[in-house]
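A short worksheet on the structure shown next.
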Amino acid sequence: MSKLTDCFKEHKCFIPFITAGDPDLDHTVEYVLAMAEAGADIIEIGIPFSDPTAEGPVIQEASLRALEAGFKMENLFDAVRRIREKTDIPLIFMTYINPVFHYGYDAFFQTCKELKVEGFISPDVPFEEKREVAEVARKYGVDVISLISPTSEDRIEQIARDAEGYIYVVSSMGVTGERSSFSSNLKETIETIRKYTDLPCAVGFGISTPQQAKDMSSISDGAIVGSAIVKIVARDGKNAAPALSAYVKEMKQAVLEA
Amino acid sequence: MSKGRFGRFGGQYISETLMNELYRLEREYEHYKNDPDFNRELNVLLNEYANRPSLLYYAGKMTEDLGGAKIYLKREDLNHTGAHKINNVLGQALLAKKMGKTRLIAETGAGQHGVATATAAAFFGMECEVFMGEHDTERQALNVYRMELLGAKVHPVKTGTRTLKDAVNEAMREWSCRVEDTHYVLGSVMGPHPFPTIVRDFQAVISKEAREQILEKEGKLPAAVVACVGGGSNAMGMFYNFIPDEGVRLIGCEAAGKGVDTPETAATIATGREGIFHGMKSYFCQDDQGQIAPVYSISAGLDYPGIGPEHAWLHDTKRAEYVPVTDDEAVEAFEYLARTEGIICAIESAHALAHVMKIAGDMDKNDSIIVCLSGRGDKDVAAIARYKGVDLHE
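Here the protein sequences line up with chains P and R, keeping their order. Under this note's numbering, the first residue of the first sequence carries the number 1, and numbering increases by one thereafter. Under this note's numbering, the first residue of the second sequence carries the number 1001, and numbering increases by one thereafter.
Shown next, in the form of structure tokens:
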């Protein structure tokens, strides 16, 4: 069984996302370690892309800050090496497919293996295009995480049967970012997924408060939070560790109460 | 390999949220494209509303001046709304209406596609919202006002380079929020399948007419057809029915901006690399990290870092050739056409003319070239004046 799937065996999971290189990679290292220490179960590291079409303003702006600060893939790999000296928390790279295509699928996933990055998520690689990525990732033992959205409907079966690691359930229509309500058919979507797979389902997009994390985890196996984390970094810049740590502790607690 | 491929290019690299909508669009399109009633309705619109067929005009003075092949202009500039964009928009808007959609959204660069979409929305009684880079709203202010007159809401996009690619990003984001009642009228032969095919099919009327017209006038096929290429919709429309005619050279003219050896260029085939962006695998201008590069051209309509997947394939198979044309060359051609033939064309189309000016003189006088005059130039007059340092007072 994959290490990512294993994470959900004992309890529900809290999965924060952080944009790499914002404000700089030294702080990405510090913040990932702080979130791991505070109880995060898996951490998604976002590789910034110039044109993040699935993101709302918070992650768009963080991506641009990181790129303007001179983000380079090789420097990120060095940063993850430093993270790996201190923690073995499961890590995932999340990004748009072009930077990975450009780097070369083989070289990229080989590096993931070396860095013990267990999973990969790309919002612009749906089921139809998954194979060209997954057959290389599989060679290096990296799970390609599939997304299922409120509009997936009759697509759920094929996606769920082919999924690995866990399933990223998109909470609502539209792009990433905090919101006050979620898709009304979320529970039904998760029940449908469970007909076809035993893999855990974590819900993401729009979750920011402990109550939301608890609500979402009560119908699934965990909560994924991006924009709310990235917003703390945007606000506190190089001094975000205490606030991130407190936020992750609070959210983890809420997920465990679900 | 997924559907909608041109060789290895194309595909559907898009968020899961939009996938079912793309399937639905494909199913409906496959149904209606063979539906006699749909085609009759569309043809009436094209002929009675949009002024098709467009003229194939023999540019006699230009031909004489350049001293080589006979030059014909395919006058898409004479269409209603002033450009080829209306061909695709009427097709997609009619399809959207059949699908029960009540709202159209679109991206636009120069504003021509936005104006065409706003026009179709007004005609069909649909809501319309257009996304346009803030920088383009400034350099094409007249078109913004035209869209507003037609009842559309124009959203200036303030992210990234504030040009066409950012407008596409924002239109895609908007569509993923609201697919139920909304159709995204993509304006070029790009994006995820089925858009490159749908837009090509609706634009193919250009070459269907031009091929018949040239055979009637010249009794033989042209030696070359030439069109400007950003995303590539007028070029794909101009090329499509000539693709099986192996003796006809297909030439796409990319916007080189200040030159392909400078960073201020939008010439994708000349300077780009294979990549995946905006739903498709194709060629893109990008940096050494796979980040999409900021591109530049005097022409807002060609100021795009990618090219449609079918063009990428025509390039790879060497069926079409793609050449860069600079701002300076395009402006010179813009002025040249105005003075020799009395036609003010779009600065986009002037890129194609500029290349014809380079090659026509060396070609046989018994041969002909067709240039797609994709749009008219009223929208560009102020920008050309600025480029020439002329101070216009309102």
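Note that beta-carbon positions come from the ideal geometry of N, C-alpha and C, so glycine has one too.
When beta bridges are read from the DSSP output, residue 1392/R appears opposite no residue. Sequence-distant partners of residue 1097/R (beyond 5 residues in either direction) whose C-beta falls short of 8 Å from its own C-beta, in its chain, are 1124, 1126. Cβ neighbours of residue 93/P within its own chain (closer than 7 Å, five residues either side excluded): 45, 47, 112, 117, 120. Taken in chain order, the whole alpha helix (DSSP H) runs of length 4 or more contained in the stretch 1286-1326 of chain R are 1309-1316. Counting the other Cβ atoms within 10 Å of the Cβ of residue 139/P gives fewer than 16, which makes it exposed. A direct Cα-Cα distance of roughly 44 Å separates residue 1068/R from residue 1291/R. Between the alpha carbons of residue 1088/R and residue 1204/R lies a distance of about 9 Å. In this structure, residue 224/P sits near residue 17/P, with a CB-CB distance shorter than 8 Å. Taking CB atoms only, residue 1013/R has a neighbour in chain P less than 8 Å away. Here the alpha carbons of residue 185/P and residue 1233/R stand approximately 39 Å from one another. For residue 1108/R, the enclosing beta strand (DSSP E) has its first and last residue at 1103-1108. Counting along the chain, the unbroken beta strand (DSSP E) around residue 19/P starts and ends at 13-19. Contact between the stretch 1367-1378 of chain R and the stretch 1331-1344 of chain R is established, with three or more Cβ pairs separated by less than 8 Å. Rounded to whole angstroms, the gap between the alpha carbons of residue 1076/R and residue 1345/R is 10 Å. Shown in chain order are the members of the stretch 1277-1306 of chain R whose Cβ falls below 7 Å from a Cβ of chain P: 1277, 1286, 1289, 1290, 1291, 1292. For residue 1084/R, there is no enclosing beta strand (DSSP E), as DSSP marks it with neither H nor E. Of all residues in the stretch 1165-1179 of chain R, the ones placed with a Cβ closer than 9 Å to any Cβ belonging to chain P are 1165, 1166, 1168, 1169, 1170, 1172, 1173, 1174, 1176, 1177, 1178, 1179, in chain order.
Within the stretch 1112-1127 of chain R, no residue places its CB atom closer than 8 Å to a CB of chain P. Distance from the CA of residue 238/P to the CA of residue 201/P, rounded to the nearest whole angstrom, comes to 33 Å. A distance below 8 Å between beta-carbons, with the five flanking residues on each side excluded, links residue 1302/R to the following residues of its chain, in chain order: 1109, 1228, 1229, 1230, 1254, 1255, 1266, 1348, 1351.
Non-local beta-carbon contacts of residue 213/P in its own chain, meaning distances under 6 Å to residues more than five positions away in sequence, involve 207, 223, 251, 254, 255 in chain order.
Neighbourhood of residue 1209/R in chain P, by CB distance below 8 Å: empty, with the nearest CB roughly 35 Å away.
Residue 1079/R and residue 195/P have their C-alpha atoms some 54 Å from each other.
Residue 78/P carries a helical assignment under DSSP once its states are collapsed to helix, strand and coil. When C-beta atoms of the stretch 1173-1192 of chain R are compared with those of the stretch 1273-1281 of chain R, three or more pairs fall below 8 Å, so the two segments count as touching. Taking CB atoms only, residue 1020/R has a neighbour in chain P less than 8 Å away.
In this structure, residue 1179/R keeps its C-beta atom at 8 Å or more from the C-beta atom of residue 1152/R. The alpha-carbon separation between residue 257/P and residue 170/P amounts to approximately 22 Å. Judged by DSSP secondary structure, residue 246/P falls outside any beta strand (DSSP E) and instead within the alpha helix (DSSP H) spanning 241-257. Excluding the 5 residues flanking it on each side, residue 178/P has same chain C-beta neighbours closer than 7 Å at 206, 208, 227, 228, in chain order.
Boundaries around residue 1156/R are those of the beta strand (DSSP E), 1153-1157, since no alpha helix (DSSP H) includes it. The stretch 113-149 of chain P is shown to contain whole alpha helix (DSSP H) runs of 4 or more residues at 130-139, in chain order. Between the C-alpha atoms of residue 1251/R and residue 1304/R there is a straight-line separation of about 18 Å. Secondary structure at residue 225/P: strand, using DSSP grouped into helix, strand and coil. Between residue 1156/R and residue 1010/R, the C-beta gap is not smaller than 8 Å, which leaves the two residues out of contact. In this structure, the alpha-carbon of residue 1122/R lies about 6 Å from that of residue 1150/R.
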